[in-house]
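The listed protein sequences derive, respectively, from chains A and B. Residue numbering for the first sequence follows this note's numbering, starting at 113 and increasing by one per position. Residue numbering for the second sequence follows this note's numbering, starting at 455 and increasing by one per position. Ideal Cβ positions, reconstructed from N, Cα and C, are used throughout, including at glycine. Each remark here refers to the structure printed beneath this line.
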Amino acid sequence: MTDKKEDTKNRAAMLKSLREKHKETVEKTQALLKHNQSIRKQIRQAMQSGPMTVPEVAEATGLPSDRVLWHVTAMKKYDLVREVGMSGEYYQYELAQKENQ
Amino acid sequence: MAPRTIKVDALVVGGGIAGMQSALDLADQGYQVALVEKQPSIGGKMIELSKVFPTLDCCSCITTPKMSAVAHNSNIQLFTYCDIQSVDKQGDGRFVAQVIQKPRYVDIETCTACRQCEYACPIDLPHPFDQNLGVHRAIYVPFSTAVPQKALIDIDNCILCGKCERVCPVGCVDFTQQPEELAIEATAIVLATGFEITPTDAKAEYGGGKLLNVVNALTVERLLAPTGPYGHVLRPSDGKEPDSIAYIQCAGSRDKSLGVEYCSRICCMYAIKQSMLISGALPLADIAIYYMDIRTFGKGYDQFYQTAKAMGVQFIKGKVAKITEDENQNPIVRVELIDEGSQVVERQHDMVVLSVGMVSKYDPRTIYDVNVAGDGFVDTPLTNVSPCVTSRPGVFVSGSAAGPMDIVDSIVMAGAAAAEAAAYIQATGPNGHGGGRSIAAGEEKELAHA
Ligand SMILES: Cc1cc2nc3c(=O)[nH]c(=O)nc-3n(C[C@H](O)[C@H](O)[C@H](O)COP(=O)(O)OP(=O)(O)OC[C@H]3O[C@@H](n4cnc5c(N)ncnc54)[C@H](O)[C@@H]3O)c2cc1C
């Protein structure tokens, strides 16, 4: 038991020192994460109303449509949205289960 | 501590189709082979392709078994995610390569590629395998058919939050991993370092890299692949299913202004292939190929071209001067139509594909001390006699590292390079300098020809 505790403590200390060592890239990536999270939030909010195409999400959020497509592609890959048929020349996407988000 | 030393007969550098085939051909003759690949997976460009000309075989279906064969061959030791730092010749005439195994931060022995780490990771990054249209996470399995099928961490884009480590069911995430040095001793070296495509933005007037719906042909391979980023052929600006697609031939070859004066040999064929595949995926789409001349030199290749024409692909003789876009990001192609009185017209398409050429990316001179030709590819001074022989005895070249070539030619050359390397090992190995050929003694006699 104490061994396990010790181990957890050591690993936490190790991660901390690694974060220090990679400070520059960690900070850069944290900024990217924050930026992406805010975009995701806007996309999820827009998609609350039901299935939408990429241009529709772009219109609703004011985000460039290529960025929306990239994020929807990412969300689709990790099962956060799913494709539900087509509307004209565009696929429609809807949010997957809430607990996934 | 002295680095771990691996003793083999042949060192193959590069795990694309050419390197894999050379390694297999040597291993199947009983030679011990080390295959060193700089990427986290073997497969090269071929594993990125959708289907291949001229047979339209599914590329994954023919490449993946080769990749597994390499991984499972008991005469091949596979080293992925490695950099070769230097190569020296020892007193006994054998080469010794100093290699750095980069840390994956994942224990490759225990990782089962369950991808729970990937799902837990909060960082989404553009995936170069999908020409940046798809995504991977900071910890990820390179792609669905990667060999080895193991995760790795992109430490430069990781926040070290430790989520992956906490969800891993086998405890294989290891942030303490360090680069590992190893030495590989070999009698012969086969260079199979492959090619790169001409940069998409090489010709500023075509707008590649700037106009979102002007893409390179490798991107289209990913759009057509079932494992591709969208799972459909969609254009990158807004996900629209394109109705009208144009190919611009020689967009990176036969072009003095780019310093690429040669023909890349594959672009006519892959453009024809892709146009046929798009016709299958989007039966209503119009496809136009703007070309200077069509070169279909291989076995069955011209038939392939005729089939595409019969399928309704439009071949338009003309040199494209410029590509711009309208307010809806539709590319506008300005072209001189040679067969229509050389009139200059502007045509709007939904997506334009640049048929980019093949260029040499890796310069082997410093490490391998071989010459390169004027085009940047590895020089083969005896092209007509021994096309795999380089300027340095014991170093052979395989596949597109020697110049633009398709898969068929790469495989043929890979076999030839293996044969040349085997002959060299025979001559300078056990019967000469007493090198490291490691087959059973009885068999040795049979194979010896010197
Ligand atoms: C868009 C497109 C479509 C194509 N379609 C077809 C087709 O349908 N049919 C066909 O026959 N051909 C096709 N080709 C051509 C085909 O891709 C090539 O013929 C083939 O990939 C060449 O294989 P290779 O092993 O020589 O090179 P590569 O595939 O480039 O492999 C080289 C390998 O070496 C590794 N490497 C490079 N440098 C080093 C180093 N210093 N140390 C260690 N490893 C290194 C690389 O990471 C890579 O894994 C197509 C090409 C393109 C661009």
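Return no unless some Cβ of chain A is closer than 8 Å to the Cβ of residue i.
i	result
Ile777/B	no
Ile613/B	yes
Lys556/B	no
Pro690/B	yes
Ile577/B	yes
Phe583/B	no
Val589/B	yes
Leu666/B	yes
Gln604/B	It is worth fixing the name first, because residue 604/B is Lys in this sequence and not Gln. No, its Cβ sits nowhere closer than 8 Å to a Cβ of chain A.
Phe533/B	no
Within its chain, find whatever has a CB closer than 8 Å to the CB of residue i; leave out the 5 residues flanking it on each side and keep chain order.
i	result
Phe507/B	Met723, Tyr724, Ile726, Lys727, Tyr755, Phe758, Asp860
Asp511/B	Lys505
Tyr878/B	Thr641, Ala642, Pro847, Gly848, Phe850
Ser796/B	Glu790
Report yes if the C-beta of residue i is less than 7 Å from at least one heavy atom of ligand 1; otherwise report no.
i	result
Ser864/B	yes
Lys520/B	no
Gly648/B	yes
Ile577/B	no
Ser753/B	Inspection of the sequence shows that residue 753/B is occupied by Lys rather than by Ser. No, the Cβ of Lys753/B stays beyond 7 Å of every heavy atom of ligand 1.
Leu424/B	The structure shown does not extend to residue 424/B, since chain B spans only 455 to 904, so no value can be given for it.
Met500/B	yes
Thr476/B	Looking at the sequence itself, residue 476/B is Ser, so the reference to Thr does not match. The answer is no for Ser476/B.
Val490/B	yes
Gly663/B	no
Met859/B	yes
Lys556/B	no
Does the beta-carbon distance from residue i to residue j come in below 8 Å?
i	j	result
Phe549/B	Gly869/B	no
Thr459/B	Ala637/B	yes
Tyr716/B	Pro818/B	no
Leu808/B	Gly682/B	no
Tyr535/B	Ile609/B	no
Name the residue from the options whose alpha carbon lies nearest to the alpha carbon of residue i.
i	options	result
Ala567/B	Ser540/B, Val541/B, Asp610/B, Val627/B	Val627/B
Gln570/B	Asn527/B, Pro623/B, Asp584/B	Pro623/B
Gln703/B	Val644/B, Tyr660/B, Leu678/B, Gly734/B	Tyr660/B
Met455/B	Glu619/B, Ala855/B, Glu635/B	Glu635/B
Lys189/A	Ile554/B, Val589/B, Ile501/B, Cys513/B	Val589/B
Ser840/B	Pro557/B, Thr820/B, Met867/B	Met867/B
Ile770/B	Cys575/B, Asp780/B, Tyr744/B, Thr509/B	Tyr744/B
Asp578/B	Gln204/A, Tyr205/A, Gln157/A, Arg152/A	Arg152/A
Between residue i and chain B, is the shortest Cβ-Cβ distance under 8 Å, so that the two count as touching?
i	result
Arg194/A	no
Asp119/A	no
Gly197/A	no
Leu175/A	no
Glu211/A	Note on Glu211/A: pLDDT 45, under 50, position unreliable in the model; no value is reported.
Glu201/A	yes
Glu206/A	no
Quick one: what's got a C-beta closer than 7 Å to residue i's C-beta in the same chain, skipping five residues either side?
i	result
Ser691/B	Leu666, Asn667, Gln783
Ala523/B	Leu478
Val166/A	Ser177, Val180, Leu181, Val184, Tyr202
Lys499/B	Gly470, Gly648
Met621/B	Met is not the amino acid found at residue 621/B; the sequence shown has Val there. Closer than 7 Å at Cβ, skipping near neighbours: Gln570, Cys571, Ala574.
Could you name the residues of chain C that residue i contacts, counting a contact when the two beta carbons are closer than 7 Å?
i	result
Gly616/B	Structure shown: chain C not included; protein chains present are A and B.
Short of 6 Å in beta carbon distance, which residues of its chain neighbour residue i, apart from the five on each side in sequence? Order them along the chain.
i	result
Asn825/B	Asp833, Ser845
Glu491/B	Gly469, Thr534
Ser852/B	Ala472, Ser476, Val644, Ala646, Met867, Ala868, Ala871
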